[in-house]
Amino acid sequence: MFLMDHGHAISNMALTETFSLPLIVLSLFIAILSSFTAFFIAERQAVVIKKSHKIVWNLFGAISMGLGIWAMHFIGMLALSLPIPISYDLIKTLLSIIPAIAACGVVLWFMAKSTYSPIQWVLSGLLLAVGIASMHYIGMSAMIMNASMGIDSTLFYVSLISAVILAMVALKLNSYAVAINQDNYQFISKWQAISAIVMGSATASMHYIAMAATHF
Numbered sequence: 008m009f010l011m012d013h014g015h016a017i018s019n020m021a022l023t024e025t026f027s028l029p030l031i032v033l034s035l036f037i038a039i040l041s042s043f044t045a046f047f048i049a050e051r052q053a054v055v056i057k058k059s060h061k062i063v064w065n066l067f068g069a070i071s072m073g074l075g076i077w078a079m080h081f082i083g084m085l086a087l088s089l090p091i092p093i094s095y096d097l098i099k100t101l102l103s104i105i106p107a108i109a110a111c112g113v114v115l116w117f118m119a120k121s122t123y124s125p126i127q128w129v130l131s132g133l134l135l136a137v138g139i140a141s142m143h144y145i146g147m148s149a150m151i152m153n154a155s156m157g158i159d160s161t162l163f164y165v166s167l168i169s170a171v172i173l174a175m176v177a178l179k180l181n182s183y184a185v186a187i188n189q190d191n192y193q194f195i196s197k198w199q200a201i202s203a204i205v206m207g208s209a210t211a212s213m214h215y216i217a218m219a220a221t222h223f
C-alpha cells in the first residue's frame, strides 16, 4: 500500500540535452562550403549555351548544396547528446536528402537565368526554407529512441522565418557578387564569400533554432 506507480512521472520527465561545440562548428563550416560551391556552379550554369550542359551543371550544384545541407543537419544531430541511446532509421535518413536537393535544384535554376526577377528571388527564399525544414523534420522523424518529442510552436515558426530571410539575403548578395564579377572577374570575391557565409548561416540557424524548439 506504500508503493507508488512512478511510470507516469518518468514518461513525462524532460531529458537534458547537451551539444558538442566542435561538431556544431564543423556543421556550419560544411554548410558554408557547400553554399559557396553551389553558387560557383550556378555561375558556370549561367554562362554555358547548351541546355543539356545547363542541366548537368544544375544537377551538380543541386547535389553539392543539397548534400552539404544534409551533412550539416546530420552532423548537427550527432552533436546532440541525450542520456538515452539514439539510433536512426536508414530509409528515413536517406529520404531526408531528397527535399534539400530538389529545392536547391529549382533555386539554382532560377539563379542561372539572365533575368532573376524579384518574384523568383522571394520564391527561392521560400523554397530553400521549405526544403531545409522538410529535410530537418524528416531527419528528426528518423530518430529511434525510448522518448517522445514535443515542439515549441513559436520557435518552430522563428526557425522557418529566419531561414527564409537569411536565404533571401544570401541570394541577393550572390546576385550582387555575380554582377560585380562580370565587370571585374575574380576567382573568389569578397561578396561571394559573404553570400556563402549568410547562406550557410541560414541553414544552420534553421536547424539549431528548430533543435531548440524540440523537447525530449
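Numbering (our numbering), first residue to last: 8 to 223. Every residue, glycine too, gets a C-beta built ideally from N, C-alpha and C.
Task: Collapsed DSSP secondary structure at F223 in the structure displayed - done: Indexing the sequence shown from 1 puts residue 223 at position 216. F223 falls in the coil class under three-state DSSP.
TODO: Identify every residue that forms a DSSP beta bridge with F26.
DONE: For this step, residue 26 is matched to residue 19 along the sequence shown. Looking at the DSSP assignment, F26 forms a beta bridge with L87.
TODO: Run the CB neighbour count on M20, radius 10 Å, all protein chains shown included, and call it buried at 16 or more, exposed below.
DONE: As a working mapping, residue 20 is identified with position 13 in the sequence shown. The Cβ neighbour count for M20, taken over all protein chains shown within 10 Å, is under 16; the residue is labelled exposed.
Open item on the list: For L135, which residues in the same chain have their Cβ closer than 6 Å to its Cβ, ignoring the five residues on either side in sequence?
Closed with: Position 128 of the sequence shown holds residue 135. Answer for L135: A110, V114, A174, listed in chain order.
Open item on the list: Just checking G68 against the ligand SAM - is the residue's beta carbon closer than 7 Å to any of the ligand's heavy atoms?
Closed with: No copy of the ligand SAM occurs in the structure displayed, which carries no ligand at all.
TODO: Compute the Euclidean distance between the alpha carbons of M8 and N153, then round it to the nearest angstrom.
DONE: Numbered from 1 along the sequence shown, position 1 holds the residue referred to as residue 8. Numbered from 1 along the sequence shown, position 146 holds the residue referred to as residue 153. Because M8 carries a pLDDT of 36, less than 50, the predicted location of this residue cannot be relied on, and no value is offered for it.
TODO: Pull up the DSSP beta-bridge partners for I158, would you.
DONE: Counting from one through the sequence shown, the residue named residue 158 turns up at place 151. Answer is T221, bridged to I158.
Task: Alpha-carbon to alpha-carbon, K179 and S27 - done: If you number the sequence shown from 1, residue 27 lands on position 20. If you number the sequence shown from 1, residue 179 lands on position 172. One C-alpha to the other measures close to 32 Å.
Task: At least 3 beta-carbon pairs within less than 8 Å: the stretch 69-85 vs the stretch 122-132 - done: Too few Cβ pairs lie closer than 8 Å, so no.
Task: Contacting residues, own chain, Cβ-Cβ under 7 Å from K99 (five flanking each side not counted) - done: Looking up residue 99 in the sequence shown gives position 92. The residues are I145, S148, A149.
- [ ] Please classify A209: does DSSP put it in a helix, a strand, or coil?
- [x] For the purposes of this step, residue 209 is taken as residue 202 along the sequence shown, with counting starting at 1. Look at A209 here: in three-state DSSP terms it is helix.
Open item on the list: Quick check on H143: buried or exposed, where buried means 16 or more other Cβ atoms within 10 Å of its Cβ?
Closed with: The count along the sequence shown starts at 1 and reaches residue 143 at position 136. It is buried - the Cβ of H143 has at least 16 other Cβ atoms within 10 Å.
TODO: Just confirm the distance between the C-beta atoms of A200 and F47, as a whole number of angstroms; I'd bet it's less than 8 Å.
DONE: Taking the sequence shown and counting its residues from 1, the one referred to as residue 200 is at position 193. Taking the sequence shown and counting its residues from 1, the one referred to as residue 47 is at position 40. Contact flag wrong, Cβ pair sits at about 11 Å.
Task: Backbone secondary structure at I56 - three-state DSSP - done: Against the sequence shown, residue 56 aligns to sequence position 49. Coil, per DSSP.
Task: Same chain, Cβ closer than 6 Å to S88, five either side skipped, listed in chain order - done: Taking the first residue of the sequence shown as position 1, residue 88 is located at position 81. Cβ within range, chain order: T25.
TODO: Can you have a look at I216 and say buried or exposed, based on whether 16 or more other CB atoms are within 10 angstroms of its CB?
DONE: Looking up residue 216 in the sequence shown gives position 209. The residue is buried, with at least 16 neighbouring Cβ atoms inside 10 Å.
Open item on the list: Using only the alpha-carbon positions, how far apart do L162 and A119 sit?
Closed with: Along the sequence shown, read from residue 1 onward, the residue named residue 162 stands at position 155. Along the sequence shown, read from residue 1 onward, the residue named residue 119 stands at position 112. Those two C-alpha atoms are separated by around 33 Å.
TODO: Find the nearest neighbour of L66 within the set Y164, P29, I105, judged by alpha-carbon distance.
DONE: Taking the sequence shown and counting its residues from 1, one reaches residue 66 at position 59. Answer by Cα proximity: I105.
Task: Spatially closest choice to I204 from L30, I31, L33, I39, by CA coordinates - done: Counting from one through the sequence shown, the residue named residue 204 turns up at place 197. If you compare the alpha carbons of L30, I31, L33, I39 with that of I204, the shortest gap goes to I39.
Task: Local conformation of A21 per DSSP, three classes - done: The residue given as residue 21 occupies position 14 in the sequence shown. Three-state result, A21: coil.
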